[in-house]
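What follows is one structure encoded as structure tokens, with my remarks underneath.
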Ligand SMILES: Nc1nc2c(ncn2[C@@H]2O[C@H](COP(=O)(O)OP(=O)(O)OP(=O)(O)O)[C@@H](O)[C@H]2O)c(=O)[nH]1
Ligand SMILES: [Mg+2]
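Numbering (my numbering), first residue to last: 3 to 703.
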């Protein structure tokens, strides 16, 4: 493939709710554009961008993938992003490098939760937008309704550039409102011009009027012309529509079916004519140094600038090795160039450059400003890094990923699995910065954290299918805590006499409960010298140590105050060690009387669901000991806010999927700790004993 001038490149991030048809749309657009790949279908597992075996098996996109076509001398790069809640954060780095977001909307459901979320992501990067209303061949699809949900959800002029001819199974053509032409499509999606249909003429005229107004509003001279003549000449309309789109004042909408190929050729024509090219951005800003301080410096989208590129995706390919995908932000780059990874301050030799078509890499000799290209086997480069001309360094701030929402323990099934697991997970993590992996220093467990249960399950599949590592997934650990509920006064006395020098420490302390989240407080109220000053901190240390092991089920004891009121010592036998032991003993004595109890983490939960399921959702949250605190409409979606114990939410994703037919989603974050109800404590205690975490009280050394 040849190198394309910047103005002949279009970079589109295809975003939207899960299942809207993004992946199918990309494959179908490539087919209609005449790309020499057979027409891939989601239902057959043959699309270009869902080539990953896990994505095929689930019919869900798991990460960003790439396709491109050469259409009317323009290179159109598509970044197909995931729409499911567990993977949707990958849309952000895609939008970071795209020059236009193509928002795909399900023509049956209209705007949904992840449509809104990805729209917000696109706002973060101030991206121009196209909107595609898909699945208009389907029963109950409704173009007008989808547009209504869009205009009520988003603040921007959202105007159809094509209108559907026929509905549902009879959706056979579109009217191009801009060029005032009508088309039908054959089985390969080829457009054939037909006479403008009479029905729907009023909608067409109103829509076109709206477009002309938007153009007129953009410029005083045009406004005057419009006032005088009542319309505008065609040659004024087209370029000004493109300008309004690039300025994010106008979002064109297209009526399509990705499975029957209706409307796609006109969409391609309009991408070439109206979608912004990379140089439409004024400039991109970064820093001269990787500590990201100091003055910002700019790079224009131009081949004449020094080379710079942003790496936004890493693929761990089983055959090719590590593939890094970057967008050339400024300058040009040729294969075998040596560039600087300015994020890590290391040089990288690029080797061959490639364009990417799904899983296929094709060698290219050079890449111009704005293009998206792949390189293989760089030494140190990862997602989020900047590659730059060494003599003219620039570092772009990386796209941040959100905190993980859920953690699971994973256990290798065999010794061999244990040996392979770290290396395998390392590769998976390279591909997916929203995943975190840790080893708990105490329990030695492998802890995998991600954005939801489905996310973690796909990692387990990947470990098995790609790296042949078998693991069992253990339910996420609930980080219980413990506290006391009564004030008690106790003594802790440690005495040992076994030949030679003895040990002696003795303290009197008061344990008092404190409020939630107030932590530990130590007060020294000894007057006089019943315990010498230098031994008192040892008492505190002994108590803090002992509190780590709790009193009920081995969870750390929190939110209590200890006041040291008295004690005694021995001039020869007392030392720090003895007073620590006395503190531990005081702790144990206190726990026998202070009625210790378990605390459980409570989460702030937000559930998004189509309205018809909200009754079921609330009933279910109640049965999970949740307290619903508010309800809200967002577009057509009901948002339910509740406080729910974490232990009740561990299987929530699958429940939500079954109640809402996979159309709901939720997120949660930690709110506070509450006492665990007594009837539930026993179970937690039994589990703690069974896991060996609570040791029988050993006698003091
Ligand atoms: N009837 C009909 N079905 C469609 C159309 N487009 C896509 N589908 C079907 O909708 C389902 C989802 O399509 P995908 O392309 O995987 O959707 P997606 O938006 O990529 O989904 P995620 O990647 O999981 O976010 C598949 O079963 C497709 O065959 C369409 O225009 N009409
Ligand atoms: Mg997809």
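Backbone N, C-alpha and C fix where the C-beta goes; we use that ideal spot for every residue, glycine too. What you are looking at is a predicted structure, and each value in this text was computed from that prediction instead of being measured.
From residue 479 to residue 511, what distance separates their C-alpha atoms?
34 Å
Helix, strand or coil for residue 369, going by three-state DSSP, please let me know.
strand
Should residue 321 go down as buried or exposed, given a rule of 16 or more other Cβ atoms within 10 Å for buried?
exposed
Only counting runs of 4 or more residues, tell me where the alpha helix (DSSP H) segments fall wholly within the segment 46-77, in order along the chain.
55-60
How would you label residue 625, buried or exposed, when you count the other beta carbons within 10 angstroms and need 16 or more for buried?
exposed
What does a CB cutoff of less than 7 Å around residue 431 pick up in its chain, not counting 5 residues either side in sequence?
437 and 439
Which one of 289, 670, 119 and 295 has the shortest CA to CA distance from residue 398?
289
Residue range of the alpha helix (DSSP H) that residue 193 falls in?
Taken as a continuous stretch (DSSP letters only), residue 193 belongs to no alpha helix (DSSP H), being part of the beta strand (DSSP E) at 193-196.
Examine ligand 1 and report whether any of its heavy atoms sits within less than 8 Å of the Cβ of residue 663.
no
With a threshold of 16 other CB atoms inside 10 Å of the CB of residue 218, please say whether the residue is buried or exposed.
buried
Put residue 288 into one of helix, strand or coil per three-state DSSP.
strand
Please specify which runs of the beta strand (DSSP E), each continuous and at least 3 residues long, are wholly inside the segment 414-443, giving them in chain order.
438-441
Reduced DSSP secondary structure (H/G/I, E/B, other) of residue 270
helix
So, under 8 Å CB-CB, residue 170 and residue 185 are touching, yes? Tell me the CB distance rounded to an integer number of Å.
Contact flag wrong, Cβ pair sits at about 19 Å.
For residue 14, count neighbouring Cβ atoms within 10 angstroms of its own Cβ and tell me buried if that reaches 16, exposed if not.
buried
Just checking my contact of residue 162 with residue 149 at CB under 8 Å: how many whole Å lie between their CB atoms?
7 Å
Taking residue 7 as part of the alpha helix (DSSP H), name the residues at either end of that continuous run.
Element bounds for residue 7: n/a, residue is neither H nor E.
N-terminal and C-terminal residue of the beta strand (DSSP E) that residue 279 is part of:
Segment: none, residue 279 is in no beta strand (DSSP E) and carries neither H nor E.
Buried versus exposed, by CB contacts within 10 Å (16 or more), residue 529
exposed
Assuming residue 318 and residue 670 are in contact, meaning their beta carbons sit under 8 Å apart, how far apart are those beta carbons, in whole angstroms?
Not confirmed; about 30 Å, so no contact.
Are three or more beta carbon pairs between the segment 109-122 and the segment 239-249 nearer than 8 Å?
no
By Cβ distance below 6 Å, which residues in the same chain neighbour residue 700 in space, the five residues on each side in sequence not counted?
Residue confidence for residue 700 is low, a pLDDT of 41 falling below 50, so the modelled location carries little weight; the figure read from the coordinates is stated next. So the list is empty, once near-sequence residues are dropped.
Quick check: what's the CA-CA separation for residue 114 versus residue 403?
22 Å
With respect to 8 Å, is the separation between the Cβ of residue 453 and the closest non-hydrogen atom of ligand 1 below this value?
no
Between residue 107 and ligand 2, is the CB less than 8 Å from at least one heavy atom?
no
Once you ignore the five residues that flank residue 698 on each side, which residues in its own chain have a CB closer than 7 Å to its CB?
Summary for residue 698: the model assigns pLDDT 44, below 50, so the residue's position carries little reliability; its value from the coordinates is reported in the next sentence. Cβ neighbours of residue 698 beyond the five flanking positions: none.
Following a CB-centred definition, is residue 42 positioned closer than 8 Å to any heavy atom of ligand 2?
no
Compute every distance between the C-beta of residue 45 and the non-hydrogen atoms of ligand 1, then say whether any falls below 8 Å.
yes
Beta-carbon proximity list for residue 225, same chain, < 6 Å, skipping 5 on both sides:
218
May I have the straight-line CA-CA distance separating residue 647 from residue 578, to the nearest angstrom?
42 Å
Rounded Cβ spacing between residue 257 and residue 164 (contact assumed at less than 8 Å)
5 Å
Assigned secondary structure, residue 684 (DSSP; H/G/I helix, E/B strand, else coil)
helix
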